[in-house]
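Protein chains in written order, with full-length UniProt numbering: chain X, 1 to 462; chain L, 1 to 462.
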């Protein structure tokens, strides 16, 4: 703590909790990408909005960069601090501030883990419906910063739809109360929406008012085995046409093999190239019959080769584990991750082109596919062979990402569906956003963060 | 057409349709506010995005202000051209460009009337669910510019939720394709959302990709007579708890009297101080029974004094006319309109305070109330007495608006729920948005419109 800047920080924000141990610097300086070496100046753990504001003012005086930090489960390097930044961790600001039954809102501090948000909503008989596998570790503030999606988007949309209000500290240290839970508010630019997905480059989300909704009806979970990729959209359309879908997720045989090797239970006798996990409302005889009709029609058409439907909550969880366990099961292979999207109707053509592209580009690499087919979102994970160095592997993968980016331009897609741009996707942002848009983003950043102290180098270079 | 600037405009955009007749200048220079004297330079009616771009570039060269213009049904002066501006009317750009069944999207030009959008969606067995009384005249581009709300917000949200993509020409003449119908897209700042509700001050919306949805189930419409304002939230909670509400609207006895005088049919024997029109899904015996149970419970509690339920589509329309006919019925009194909102839970306290305030402030004026109780949105129309001059009347009303704005600050509300700020609400913007937010708005405007040619003086002064 001999750095005079830190001494001034503690003088300016007297009760601030600050960490500078090597272990802490490493822990708080990186996210799940593991590609950059953490090297923050220090870790600040404010407990109040005023402390956050004090830190931002200090950072402006000293021109120290701040990396806002939630659960650091990000996959794009958005929360990496590799250049002497101050990490501003929201982890102590993790409480429910208010529940309002009439407004159906839950007001929380930004550091609250998503799972804790779920639990708090459930206590009141309601749900916060955004959900994904990192729920136990990720924070709601990070969800907002990346407009997190997940496994329920097909039914409930992205994080963006569930934010009734935000409290934000801008790059110049102003505290903004954005939208304040109003259902209708046509009073100028919606900076709440601008903040959502801005990856901590415009402001630090410190509190959020979340919209809640009714719990879904009882559901069933089905696993479907598919003989080929080509029938995936047919199966999706059949199920979507007959049922109220809560989720519709796909993965490949390679993905399944990794999850089974990681301890999951084998679901079907034989192996198939592609699988779907779908969850749907099934609360009476009519909806159960509709599910069976959809399944049987797909079997008759040859679109589905086998399947199983959950008979209990435990079995539903076993089926879900096959999909949700993938990321963890392949983590030890340091996968290079692509998280791309196209509009739903462009999916078949894009899938075909991408499959051919990756087959040619990665003959020696193992590629694990999964994704949210009903949202047009594919996750393509390339696993690092043990005999390849980290650097060589990333170089080879980035060559292919450039080809993938070209395919995205052609099909009107996005280089990041839900992970965000961060550092990992920054070189490819122009495949999704025009040069004019990127120039406007730089201009807007300048307005909210004139000294460029908030998460600099993420999303785009200044 | 002797103005050399117009000669240069026609030289730059050769096939541009331009109007300069006095009648056209008056017609296109004003909106429904009728408070400002129209005085535009000319009316341009482009037919293509390229022509719009050409006009904007010309405007930048000559520093001529542009007023983007849709159906001019606005109630805040957002489309008024009273200072030698060029009105850029989108009325010729009014076509459907694409329908996509898989994406469930309708791509339209911005000048398309809302009702034509409804009809185009219906042709494909789907609906565009944003709806309000001006549907026949207003344009979808204007809806987007003000984030229009209306009578179905309680079920479907505002315009903001239904925009999958926008094509926009910025103040510097760049054409942006924003979001391009992607369901998931986490690739930097969401300028689509920033444009929605920006009242033509950042860019001109030229095309929009609209999300469509399934038609609602069969519905019934009920008229309820209430003995007092105080029970309104009780009735709302009772109906919301038991039914899938499509709409829940209220109005006062004075409002009803004007609609009856304007030709509507008297719905009930006696008169009551307050009325509710509610529409709800009613497609089987269970939902019909739930509606009757809600009604009977409210009668038993004394919250509802009388009521009628629609027995036919024709009767449903008659009941709706009582609510939807109000604006037209009071139009001849040149009403001073307030369009305010608070969060739903703040409604009872705000209603009480506002009622007292207006009772004191306007002992000699007739005040007509109606609104969207389930969205926290109140419309307060003050009718001009015949013996009062327009100027005197507005001055007196603005005095009260200042008091109302203070009440909004106290209750955390908005000076504009759905009409937008425009010219009418500009003096009161600071009751809803902080000085820091307004300064940031000015900064963002500067980024998108560096020469300040787009709708200057609307929303805020430069």
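Heads up, the beta-carbon is just placed ideally off N, CA and C, and yes, glycines get one too.
Just reading off the beta strand (DSSP E) that residue i is part of, what are its end residues?
i: residue 165 of chain L; result: 163 to 170
i: residue 228 of chain L; result: No beta strand (DSSP E) holds residue 228 of chain L; DSSP gives it neither H nor E.
i: residue 8 of chain X; result: Residue 8 of chain X -> not in any beta strand (DSSP E); alpha helix (DSSP H) instead, spanning 4 to 12.
i: residue 203 of chain X; result: 203 to 211
i: residue 460 of chain L; result: That residue, residue 460 of chain L, is in no beta strand (DSSP E); it is neither H nor E in DSSP.
i: residue 256 of chain L; result: Premise fails: residue 256 of chain L lies in the alpha helix (DSSP H), 253 to 261, not in any beta strand (DSSP E).
i: residue 97 of chain X; result: 96 to 100
i: residue 17 of chain X; result: 17 to 19
i: residue 107 of chain L; result: 105 to 109
i: residue 309 of chain X; result: 306 to 309
i: residue 178 of chain L; result: 175 to 178
So residue i contacts chain L; which residues on that side make the cut at Cβ distance below 9 Å?
i: residue 440 of chain X; result: 170, 174, 176, 189, 191, 447, 448
i: residue 436 of chain X; result: 170, 172, 174, 175, 176
i: residue 387 of chain X; result: Per Cβ cutoff of 9 Å: no residues; residue 387 of chain X is ~34 Å from chain L at best.
Cutting at 6 Å between CB atoms, please list the residues of its own chain near residue i, excluding the five before and the five after it.
i: residue 376 of chain X; result: 341, 342, 343, 344, 347
i: residue 177 of chain X; result: 167
i: residue 452 of chain X; result: 462
i: residue 425 of chain L; result: 76, 415, 416
i: residue 296 of chain L; result: none
i: residue 71 of chain L; result: 137, 138, 139, 142
i: residue 276 of chain X; result: 224, 250
i: residue 68 of chain L; result: 88, 200, 204
Whole angstroms is fine: what's the gap from residue i's alpha carbon to residue j's?
i: residue 121 of chain X; j: residue 216 of chain L; result: 28 Å
i: residue 416 of chain X; j: residue 199 of chain X; result: 13 Å
i: residue 7 of chain X; j: residue 74 of chain X; result: 31 Å
i: residue 21 of chain L; j: residue 160 of chain L; result: 36 Å
i: residue 260 of chain L; j: residue 322 of chain L; result: 8 Å
i: residue 85 of chain X; j: residue 421 of chain L; result: 41 Å
i: residue 98 of chain X; j: residue 108 of chain X; result: 7 Å
i: residue 18 of chain L; j: residue 9 of chain L; result: 9 Å
i: residue 238 of chain X; j: residue 30 of chain L; result: 50 Å
i: residue 308 of chain L; j: residue 268 of chain L; result: 8 Å
i: residue 450 of chain X; j: residue 207 of chain L; result: 33 Å
i: residue 284 of chain L; j: residue 102 of chain L; result: 30 Å
i: residue 57 of chain L; j: residue 413 of chain L; result: 39 Å
i: residue 203 of chain X; j: residue 354 of chain X; result: 36 Å
i: residue 339 of chain X; j: residue 301 of chain L; result: 56 Å
i: residue 227 of chain L; j: residue 429 of chain L; result: 35 Å
i: residue 265 of chain L; j: residue 13 of chain L; result: 52 Å
i: residue 456 of chain X; j: residue 408 of chain X; result: 26 Å
May I ask which residues mark the beginning and end of the alpha helix (DSSP H) holding residue i?
i: residue 132 of chain X; result: Residue 132 of chain X -> no alpha helix (DSSP H), and no H or E assigned at all.
i: residue 154 of chain X; result: 153 to 156
i: residue 24 of chain X; result: 22 to 29
i: residue 445 of chain L; result: 435 to 448
i: residue 193 of chain L; result: 191 to 195
i: residue 317 of chain X; result: 313 to 324
Show which residues of chain L have a CB atom less than 7 Å away from the CB atom of residue i.
i: residue 419 of chain X; result: 186
i: residue 429 of chain X; result: 187, 188
i: residue 412 of chain X; result: 180
i: residue 94 of chain X; result: Within chain L, no residue comes near residue 94 of chain X; the closest Cβ sits about 24 Å away, beyond 7 Å.
What in chain X is Cβ-close to residue i, meaning under 8 Å?
i: residue 161 of chain L; result: 161
i: residue 146 of chain L; result: 186
Residue i versus chain X: which residues are under 9 Å apart at the beta carbon?
i: residue 70 of chain L; result: Ordered by position in chain X, no residue passes the 9 Å Cβ test against residue 70 of chain L, which lies about 15 Å from the chain.
i: residue 153 of chain L; result: 183, 184
i: residue 194 of chain L; result: 189, 190, 191, 193, 194, 444
Please work out which residues of its chain come closer than 8 Å, Cβ to Cβ, to residue i, disregarding the five sequence neighbours upstream and downstream, and give them in chain order.
i: residue 233 of chain X; result: 347, 348, 373
i: residue 34 of chain X; result: 334
Residues of chain L with a CB under 8 Å from the CB of residue i: which are they?
i: residue 416 of chain X; result: 185, 186, 187
i: residue 433 of chain X; result: 187, 188
Using a Cβ-Cβ cut-off of 7 Å (strictly less than) and excluding sequence neighbours within five positions of residue i, which residues of its own chain qualify?
i: residue 175 of chain L; result: 49, 53, 167, 169
i: residue 332 of chain X; result: none
i: residue 351 of chain X; result: 229
Run down chain X in chain order and give the residues with a C-beta less than 7 Å from the C-beta of residue i.
i: residue 459 of chain L; result: 188
i: residue 102 of chain L; result: 344, 345
3-residue-minimum beta strand (DSSP E) runs that sit fully inside the stretch 31 to 85 of chain L, ordered along the chain
42 to 45, 66 to 69
Inside the stretch 355 to 400 of chain L only - beta strand (DSSP E) runs reaching at least 3 residues:
366 to 372, 377 to 383
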